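Residue numbers (numbering that gives the first Met the number 0), protein chains in the order written: chain A, 0 to 328; chain B, 0 to 343.
Where a beta carbon is used, it is the ideal one built from N, C-alpha and C, also for glycine.
The model shown is predicted, which means the values in this text are computed figures rather than measured ones.
Written below as structure tokens is the structure these notes are about.
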Amino acid sequence: MTATVKTSYGVAIRDGFAHLLAKHPKAFVMGQGLWSPWYVGNSMTNLEIEFGKERVIDVPVSEVATTGAGIGAALSGYRPIVVHPRVDFMMLAVDQIVTQAAKWRSMFGGDVSVPLVIRGIINRGGEQGAQHSQSLQSWFAHIPGLHVLMPATPRDARDMLIAATLCDDPVLYMDDRWCYELEEELPPAADVSINDIAPLRRRTGKDITLVGCGYTTKLNLEAAELLAALGIEADVIDLRLLNPLKPALVHESAAKTGRMLVVDGDWRSCGLAAEIIAGVAERPELRAGVHCARITHPDAPAPTSKPLEQAFYFTAADIVREARTLCGR
Amino acid sequence: MNQSLTSLADAKAHHEPIAFGDADPVPFVQALHRMVRIRRAEERIAENVATGVIKCPCHLAIGQEAAAVGVAMHLRSTDRAFGAHRSHAHFLAMGGSLDGLFAEVLGRDTGVSRGMGGSMHLAAKEVGFYGSVPIVGASIPIAVGAGLAAQMDKKGDVGVSFFGDGAAEEGSFHESMNLASVMNLPVLFVCENNMFASHLHISLRQPKNVVARYAVAHAMPHATVDGNDVVAVWSALNAAAAAWRAGTGGPFFLEAVTYRWLGHVGHRDDQDVGVARKDDLSDWKGRDPVRRLAESLATVGVLSPKEFAAMESAISDEVSTSWAKALTQPFPEPNALLNRVWAK
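See the structure below:
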């Protein structure tokens, strides 16, 4: 019997960094807390010891300067990865992400590259409250020129970090602390192109399409197991790449099942779930035949106290309930 | 440090020809050429803003030419400089294409940003000018990143940030100064203190009018000089530039005190906005960086008034030819809108 070695999502991220730092001399990492054992979970442990503090740089409390410095280094031929240990603090750098990095190619004529990765870690729950719980992928996926990636599995966590770093455009890579304990057996790390990243079908079913990304893919898969026990077979689509959106697989699945439930761990209004549903609604061959619904966070800042958190964060059981309603069962 | 600009902010002071001191005057003939070229180019742009031929917002640096040119005299094409909204002068001082600038402010496909940027988004990577942006303070951290890359490259290059006194009120400025200082990065911070941010005078925006006081706070070597004296600007950077080229240089903060003759944006002189501007503008024109340098070069016998007149005439011809050419250039095709968003 062969022993299998499984890698967790958090360690897989570290494997991605190690691959990049070992194989790509122009890659380097900078961010707050990178020399600390607890800032970024197990996702960067001892990288500065293995690769040197010149390539794994802990920085002052300066989101704007650090992110902007990443752009300047990228324009100078490097492949920087700027780490923001909580998405919420990354908000201080929104000008550099949205108005500088994402615009640079287009506004300077289309030839100049900003090969920058911004890693924003989603780190919510546990009574952390309104200012430690945001993810905001819908905001960022709205921005032309900014790739947005959300890995749902250990393999994607590693490979999408590599793809992001090798991409010639700015990429927002959003990993999720609620996925860090997921485990998977991984092949050796290798270079990956962002062009090869598109939505994936994680489970095949004929009755309903469940669409999600990042942590909600995990919930959708759990829900699909529960639904299967009830005789409802779910097609589970993991979006992976939110911008530019590649909706073909979603539409193919929706056409097959006739029911689509979009699950997104972000707010409802003007959000990603609405965009996915709109993509179905505006296609004549789909709009009449597909019944759609969505599950998102309520349009309120994240709460602190436990009972309110339980009301704010949906679970696989909520997905099952909504899916059964859509299926009339 | 003395936290008042004293005579450097006095519109009635420093009208005399500039002093070369120990400096060789000969290279300043080229400096004068660049300053006049900037002046004439910006005058041409101002005329066409006034008539409506140019539609994009243009922030002109007439009166501030010496700061850009004095800094650029130290730069080389492998350096990486970044500007802001008022960067025609930086672009031209570093050797950017006049044809490309004119085509860009007209939104033409042969512009330096392919007509996608206009006046506020200029770049000439081939001469080391990597880009200008109008979000105040936004390009300062980017220049610091270019300095970080230069430090990693170990080739003696420097990241350069051009910005105004208003940018010193932004958080990005302070974070960037701290980061460059704590990492000892080769970065030149050039603050052109023209005492106005949009319409508001520095006395209404900052408690002291010396911006270099922030360099003290960030433990950074610094100098505050007459920004209308190209020799003073150049001299202030000699030691820092030598250190960068030797690979040992860290950050340096240069404050060049100057004055824009025109308003914040467009062709008007904005005498109706801001304190003191109405009284000071005519006096500041007496502190003309071009006239003072031309007189100095004549005094030391390096460039006669007749030779200067010939220089001016040749530049005027070049500007006219370049402008006429720009007007004939094509606009970008509609597909440029979507084709220039992502790497291929």
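Would you list the residues sitting across from T208/A in a DSSP beta bridge? Beta-bridge pairing links T208/A to D234/A and M259/A.
Segment contact, 8 Å Cβ cut-off, at least three pairs: the region 313 to 328 of chain A with the region 217 to 235 of chain A: The region 313 to 328 of chain A, when compared against the region 217 to 235 of chain A, does touch it at the 8 Å Cβ threshold.
In chain order, what are the residue ranges of uninterrupted beta strand (DSSP E) at least 3 long that sit wholly in the region 14 to 101 of chain B? Contiguous beta strand (DSSP E) elements confined to the region 14 to 101 of chain B occur at 79 to 82, taking only those with 3 or more residues.
Bounding residues of the alpha helix (DSSP H) (the contiguous stretch that carries K324/B): According to the DSSP assignment, K324/B belongs to the alpha helix (DSSP H) that extends over P304 to L326.
For a contact defined as C-beta to C-beta under 8 Å, what are the partners of F50/A on chain B? Under the 8 Å cutoff, chain B gives no residues; its nearest Cβ is about 13 Å from F50/A.
Rounded to whole angstroms, what's the CA-CA distance from V181/B to A148/B? Just pull it up for me. Distance between the alpha carbons of V181/B and A148/B is about 15 Å.
Listed in chain order, which residues of the region 328 to 339 of chain B have Cβ atoms closer than 8 Å to some Cβ of chain A? Those residues of the region 328 to 339 of chain B that come within reach of chain A (Cβ to Cβ, closer than 8 Å) are A335, N338 and R339.
Is it true that the region 126 to 138 of chain B meets the region 25 to 33 of chain A, where meeting means three or more beta-carbon pairs spaced less than 8 Å apart? Counting C-beta pairs closer than 8 Å gives fewer than three between the region 126 to 138 of chain B and the region 25 to 33 of chain A, which falls short of the contact rule.
If the cut is a Cβ gap below 7 Å, which residues of chain A does E174/B touch? Within 7 Å Cβ-Cβ: S61, V63 and A64.
Using only CA atoms, which one of C178/A, S137/A and L115/A lies nearest to R154/A? Selection C178/A, S137/A and L115/A evaluated against R154/A yields C178/A as nearest (Cα-Cα).
So who's on the other strand from R202/A, going by DSSP bridges? Beta-bridge analysis with DSSP links R202/A to V235/A.
Which residues of chain B have a Cβ atom closer than 7 Å to the Cβ of I70/A, listed in chain order? In chain order: I141 and G144.
I want to verify the contact list: residues of chain B whose CB lies under 9 Å from the CB of T98/A, in sequence order. The contacting residues are V132, I134 and A137.
Evaluate P84/A with the Cβ neighbour count: other Cβ atoms within 10 Å of its Cβ, from every protein chain shown; 16 or more gives buried, anything less gives exposed. By the neighbour-count rule (16 or more Cβ atoms within 10 Å), P84/A is buried.
Sorted by chain position, which residues of the same chain lie with C-beta nearer than 6 Å to F101/B's C-beta, five sequence neighbours on each side aside? Excluding sequence neighbours, F101/B sits near S321, W322 and A325.
Measure the C-alpha to C-alpha separation of G278/A and L244/A and round it to an integer number of angstroms. A direct Cα-to-Cα measurement between G278/A and L244/A gives close to 10 Å.
Who are R118/A's beta bridge partners in DSSP? According to DSSP, R118/A bridges with V82/A and Y172/A.
Taking R113/B as the query, report the chain A residues whose CB atoms sit under 9 Å from its CB, ordered along the chain. Result: F107, G108, G109 and D110.
For Q205/B, which residues of its own chain have a beta-carbon under 8 Å away from its beta-carbon, when the five flanking residues on both sides are left out? Answer for Q205/B: D164, A167 and E168, listed in chain order.
Can you tell me the Cβ-Cβ gap for P140/B and E174/B, rounded? I've got them flagged as a contact below 8 Å. Yes, they are in contact, since the Cβ atoms of P140/B and E174/B sit about 7 Å apart, within 8 Å.
Under DSSP, the alpha helix (DSSP H) around G290/B begins and ends at which residues? A small fix is needed here, since residue 290/B is Arg in this sequence, not Gly. Taken as a continuous stretch (DSSP letters only), the alpha helix (DSSP H) holding R290/B covers P288 to T298.
Quick one: Cα of A239/B to Cα of A188/A, how far? So the alpha carbons of these two residues sit roughly 44 Å apart.
Which complete alpha helix (DSSP H) runs does the region 256 to 298 of chain A hold, if anything under 4 residues is left out? Fully enclosed alpha helix (DSSP H) runs of 4 or longer: 271 to 280 and 283 to 286.
First and last residue of the uninterrupted alpha helix (DSSP H) at D282/B: That run of the alpha helix (DSSP H) goes R276 to K284.
Considering G130/B, what are the terminal residues of the alpha helix (DSSP H) in which it resides? First-last for G130/B: F128 to S131, but that is the beta strand (DSSP E), not the alpha helix (DSSP H).
Do the region 178 to 195 of chain B and the region 33 to 42 of chain B touch if we need at least three Cβ pairs shorter than 8 Å? Cβ pair count under 8 Å is below three, so no.
Hey, how far is the Cα of K54/B from the Cα of I61/B? Taking the straight line joining both Cα atoms gives about 19 Å.
Using a Cβ-Cβ cutoff of less than 8 Å, which residues in the same chain neighbour V147/A once the five nearest sequence positions on both sides are dropped? Only residues of its own chain outside the window of five on either side were considered, and among them Q136, F139, A140, V170, L171, M173, L240, L241 and N242 have a CB closer than 8 Å to the CB of V147/A, listed in chain order.
Minimum Cβ-Cβ distance from A148/B to chain A less than 8 Å: Chain A has a Cβ within less than 8 Å of the Cβ of A148/B.
Distance cutoff 8 Å, beta carbons only. Does S75/A sit that close to anything in chain B? Closer than 8 Å to some Cβ of chain B, the Cβ of S75/A qualifies, so yes.
Who are the neighbours of V93/A on chain B, taking C-beta pairs under 8 Å? None at all; the shortest Cβ gap to chain B is about 11 Å.
From A254/A to E284/A, what distance separates their C-alpha atoms? Those two C-alpha atoms are separated by around 8 Å.
Based on Cα-Cα distance, which residue from G99/B, N1/B, H14/B and A8/B lies nearest to G285/B? For G285/B, the closest alpha carbon among the candidates G99/B, N1/B, H14/B and A8/B is that of H14/B.
Coil, strand or helix - G155/B by DSSP: Assigned with DSSP and collapsed to three states, G155/B falls in coil, not helix or strand.
Identify whether K5/A lies in helix, strand or coil by the three-state DSSP scheme. Strand at K5/A.
Could you please give me the residues that DSSP links to F188/B through a beta bridge? In the DSSP assignment, the residues bridged to F188/B are S160/B and F252/B.
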